[in-house]
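Working notes, structure below.
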Amino acid sequence: MSGFRAHMSYLSFLLVGLLVLVPAAPAAAAASCVGATCNGKMAAAQGCTAGAFAINGFTLNDPDVGQPPRGDLWFSPACKAMWGELNAPELYGFLFAQLWTQPEYGGVNVQADFFQMSSAGNYTTPMVDWEQSVKFCGSHKGTDPDMDLPSGGYNACTSWR
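Be aware that the sequence shown starts at 68, since it is given in our numbering, and climbs by one per residue.
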């Protein structure tokens, strides 16, 4: 065997040996629920936040704070579920987060989640199945602040998804 071939054979053997010794990257945690089985569960606890994205959002007008509250409606392709997140870096008074659902082809609105924030922070709703219409709202009042009700931006919802 020539010196070149022997050298290449040794390098090939060495590379194969290194590939066997290099640990594989850890796999992402698999989602533990899908669709309707996610209803009422928290996205992070179920492994649904990996690959999730905000599909719609809003910013609430609030002249009493420097950083206005922001709401987002999230979708997880892995879990086929949606949830809302309301972030209020500053809060003066109360703020209400509401997640609404409606059957895919119309019907009565159902309030899937309601939460009253009394201090600054972030609130995440439990998930709902994506195979229905879903909207997420933020409000300075405790009622459904749908977009067709004039409020000057103090109360807002995402569009139905």
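Quick reminder that beta carbons are idealized off the backbone N, C-alpha and C, glycines included.
A quick note: this is a predicted structure, and the numbers were derived from the prediction, not measured.
Give every residue of the same chain whose Cβ lies closer than 7 Å to the Cβ of residue i, excluding the five residues on either side of it in the sequence, and list them in chain order.
i    : result
G219 : N128
How many Å lie between residue i and residue j at the Cα?
i    : j    : result
F163 : P193 : 15 Å
G102 : G138 : 22 Å
T225 : C100 : 25 Å
P115 : D196 : Reading off the sequence, residue 115 comes out as Cys, not Pro. Each residue's alpha carbon lies about 12 Å from the other.
E152 : S185 : 15 Å
A117 : A111 : 9 Å
A145 : A98  : 7 Å
G174 : W167 : 12 Å
P156 : Q113 : 26 Å
Relative to the alpha-carbon of residue i, which residue among the options has its alpha-carbon at the smallest distance?
i    : options                : result
G133 : T104, I122, Q165, A187 : A187
V223 : A179, S200, W197, P135 : The residue asked about is misnamed: residue 223 is Ala in this sequence, not Val. Selected option, being the one with the closest Cα: P135.
G107 : Q169, H207, D180       : D180
M109 : S143, P156, Q183, E157 : S143
K147 : T104, N189, Q183       : T104
Q165 : N154, F182, L158       : F182
N189 : E171, D131, N154, L158 : N154
Sorted by chain position, which residues of the same chain lie with C-beta nearer than 6 Å to residue i's C-beta, five sequence neighbours on each side aside?
i    : result
W227 : S200, K202
Q169 : N176, S200
A119 : W141, S143
Residues in the same chain with beta-carbon distance under 8 Å from residue i, minus the five sequence neighbours each way, listed in chain order, please.
i    : result
H207 : L127, D129, G160, F161, L162, F163, Y221, N222
V89  : Low local confidence applies: a pLDDT of 41 at V89 is under 50, so the model's placement there is unreliable, with the coordinate-based value given in what follows. Cβ neighbours of V89 beyond the five flanking positions: none.
Per DSSP, residue i is paired with what?
i    : result
V175 : V175 pairs with nothing; no bridge assigned.
Q183 : F163
S226 : DSSP lists no partner for S226.
Which ranges does the alpha helix (DSSP H) cover as unbroken runs of at least 4 residues, wholly within the region 87-173, from first to last along the chain? none
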